[in-house]
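Structure first, then comments.
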Amino acid sequence: MTSRWKQREFKRQSTWRQSLLFNSLLLILPIMAARIIIGAYTSDIATDPLSQEARMETLQEIESSFRGLSGTETIARDVWARKIESTLAERDFSAARGYLLAAPYMLNRQDAQAVLAAAEAEQSGTQDQRLTRAALLFLPDAVRARYERAITPPRLAMTVPVATDEAEPETASENTEEAAAETPPQAETTPENAQTVDPFNSRKAFRMLGDPKDLTRRSERWLAGENIDSLELRLSALGLIKQAEERDESIAFANAASVLRAAHRSGRLNERFSDYLISRIEAAVPEQELRTNLAAVFEPVLTTRERSDALLTAYSATINEEGLGRLNRDLTIVARLVELTGTSGALTLVEQASTPEDMRRALLITEAGGERSVALARELGPSVLGLAQIGAQWTRLLVFQVMGLMGLGMALIWTTMSVFTQAETVRVRSR
Numbered sequence: 029m030t031s032r033w034k035q036r037e038f039k040r041q042s043t044w045r046q047s048l049l050f051n052s053l054l055l056i057l058p059i060m061a062a063r064i065i066i067g068a069y070t071s072d073i074a075t076d077p078l079s080q081e082a083r084m085e086t087l088q089e090i091e092s093s094f095r096g097l098s099g100t101e102t103i104a105r106d107v108w109a110r111k112i113e114s115t116l117a118e119r120d121f122s123a124a125r126g127y128l129l130a131a132p133y134m135l136n137r138q139d140a141q142a143v144l145a146a147a148e149a150e151q152s153g154t155q156d157q158r159l160t161r162a163a164l165l166f167l168p169d170a171v172r173a174r175y176e177r178a179i180t181p182p183r184l185a186m187t188v189p190v191a192t193d194e195a196e197p198e199t200a201s202e203n204t205e206e207a208a209a210e211t212p213p214q215a216e217t218t219p220e221n222a223q224t225v226d227p228f229n230s231r232k233a234f235r236m237l238g239d240p241k242d243l244t245r246r247s248e249r250w251l252a253g254e255n256i257d258s259l260e261l262r263l264s265a266l267g268l269i270k271q272a273e274e275r276d277e278s279i280a281f282a283n284a285a286s287v288l289r290a291a292h293r294s295g296r297l298n299e300r301f302s303d304y305l306i307s308r309i310e311a312a313v314p315e316q317e318l319r320t321n322l323a324a325v326f327e328p329v330l331t332t333r334e335r336s337d338a339l340l341t342a343y344s345a346t347i348n349e350e351g352l353g354r355l356n357r358d359l360t361i362v363a364r365l366v367e368l369t370g371t372s373g374a375l376t377l378v379e380q381a382s383t384p385e386d387m388r389r390a391l392l393i394t395e396a397g398g399e400r401s402v403a404l405a406r407e408l409g410p411s412v413l414g415l416a417q418i419g420a421q422w423t424r425l426l427v428f429q430v431m432g433l434m435g436l437g438m439a440l441i442w443t444t445m446s447v448f449t450q451a452e453t454v455r456v457r458s459r
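Position in the sequence shown counted from 1, then plus 28, gives you my numbering.
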């Protein structure tokens with residue numbers, strides 16, 4: 029009798045331990061699974077825009093989205109033409125070109141086939157340029173004429189007014205920044221190329237950074253306590269410093285800094301992304317240290333040129349190289365958006381993002397669809413980022429993590445079966 033009681037008690041103790049192990053595994057598994065998923069899909073290597081598979085899957089999503097915008101086949105061409113007309117009225121030329129490139133998806137089947145056939149008949153230009161010229165043939169005459177007038181403006185002699193005081197240059201630069209962001213580069217036209225010129229062939233971005241003299245004036249006012257945005261100051265300084273290096277990557281950095289400065293000034297950045305950008309800028313150029321360095325620049329009496337040079341030196345001395353490296357990774361994405369869609373297109377895409385992961389999604393969509401992404405951003409807003417078919421790049425660490433997760437899952441299954449088996453054993457022996 030005593031031995032049977034001890035045997036039953038031993039079984040119950042073993043069941044208690046297994047129950048504890050079961051509950052522990054039940055808590056650990058979802059936490060570990062969540063960490064693996066977050067790490068796999070939000071790391072720097074998660075979204076690879078250069079992956080052909082990711083591009084093809086994303087392009088399919090883009091095509092499907094455009095087909096859903098055109099309505100029935102009987103009104104598809106009218107809907108498509110009205111959208112292009114609307115973008116021309118707003119001078120959003122990147123989006124207008126995006127709709128033209130989307131013609132095979134937005135028009136009915138017969139028109140779509142005709143557009144593709146006309147593009148194949150073209151002899152010159154890239155595939156997108158041939159498709160754009162072919163799609164123009166299917167626009168109403170008035171819209172097509174308006175598009176051609178917009179992209180081939182007459183050459184006008186322009187005079188730049190001379191500033192009469194120190195406040196005017198800054199005002200002029202501020203007023204022209206937003207206008208430049210919406211205006212495409214104007215190509216020189218002649219009677220021979222007036223019908224075939226493609227203003228989107230050149231991707232040289234407008235610079236909205238100002239010049240060292242303008243930076244000096246605004247820095248002095250900032251130190252004096254005036255309401256000058258320090259983020260814009262630091263972005264301008266970084267852009268000017270990089271621009272002076274005259275390397276390809278430095279020019280790309282300056283273009284990206286110019287776009288972000290314009291987006292911040294015009295209030296087009298998402299609040300969450302703006303906070304993220306402020307933290308990146310602060311890590312690259314600490315504000316308090318910058319104040320100390322700039323204060324020393326304005327103490328001695330210097331000429332305007334000497335003060336501007338000393339100011340850029342002070343900004344350079346404040347830069348934290350580690351923080352600048354992290355900021356450079358973000359600006360590399362923006363620079364690529366500028367290269368693919370122009371300044372106004374990049375602004376449209378950047379304003380949809382709220383996190384760095386969103387920026388990588390925007391890059392993938394743009395790599396897959398080009399300026400079609402700008403047109404979709406107008407239609408879908410931030411939801412356009414959901415079209416990016418991101419994937420996880422398998423690394424040795426990720427493989428080991430998944431293997432560990434599978435091992436925990438097997439342990440959970442074994443513990444569950446063991447608990448039920450032990451419970452049945454205790455129940456049988458207690459009878």
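All C-beta atoms in this analysis are idealised placements derived from N, C-alpha and C, irrespective of residue type, glycine included.
- Annotation: A324 to L365 spans about 38 Å, alpha carbon to alpha carbon.
- Each residue's CA atom was taken as its position, placing T394 and S122 some 12 Å apart.
- Under the criterion of beta carbons closer than 8 Å, A104 and L135 qualify as touching, at roughly 5 Å.
- For S264, the CB contacts under 7 Å within the same chain, skipping 5 residues up- and downstream, are L237, G238, L243 and R289 in chain order.
- By the C-beta criterion, the segment 275 to 286 is judged not to be in contact with the segment 311 to 328, since fewer than 3 inter-stretch pairs fall below 8 Å.
- In the three-state reduction of the DSSP assignment, T360 falls in the helix class, which pools H, G and I.
- By alpha-carbon distance to I90, the top candidate from L413, G437 and G435 is L413.
- Taken through DSSP and simplified to helix, strand or coil, L433 comes out as helix.
- With a beta-carbon spacing of about 11 Å, R158 and L164 fall beyond the 8 Å limit used to define contacts.
- Nearest to I179 by alpha-carbon distance, out of N348, A117 and Q141, is A117.
- E407 is the residue among E407, M431 and V427 whose C-alpha sits nearest the C-alpha of R95.
- The closest CA to that of I65, considering only E317, V427, I361 and M438, is found on V427.
- Per DSSP, reduced to three states, the secondary structure at P314 is coil, with no helix or strand assignment.
- When C-alpha distances from L297 are compared across R319, S382, S372 and D257, the shortest belongs to S382.
- Fewer than three beta-carbon pairs drawn from the segment 342 to 358 and the segment 390 to 405 are found closer than 8 Å, and the two stretches are therefore not classed as touching.
- The segment 430 to 450 and the segment 141 to 149 do not touch, with fewer than 3 CB-CB distances between them shorter than 8 Å.
- Non-local beta-carbon contacts of P240 in its own chain, meaning distances under 8 Å to residues more than five positions away in sequence, involve L268, S336, D337, L339 and L340 in chain order.
- Y127 and E334 have their C-alpha atoms roughly 50 Å apart.
- D120 carries a coil assignment under DSSP once its states are collapsed to helix, strand and coil.
- Shortest Cα-Cα distance from L375 to any of H292, A109, I256 and L322 involves H292.
- When C-alpha distances from A416 are compared across P58, V378, I59 and T86, the shortest belongs to T86.
- Relative to the Cα of A162, the nearest Cα in the group R137, S307, A363 and P132 belongs to P132.
- Taking a 10 Å sphere around the C-beta of Q316, we find fewer than 16 other C-beta atoms and assign the residue as exposed.
- Of all alpha-carbon atoms in S372, Q429 and V402, the one lying nearest the alpha-carbon of I59 is that of Q429.
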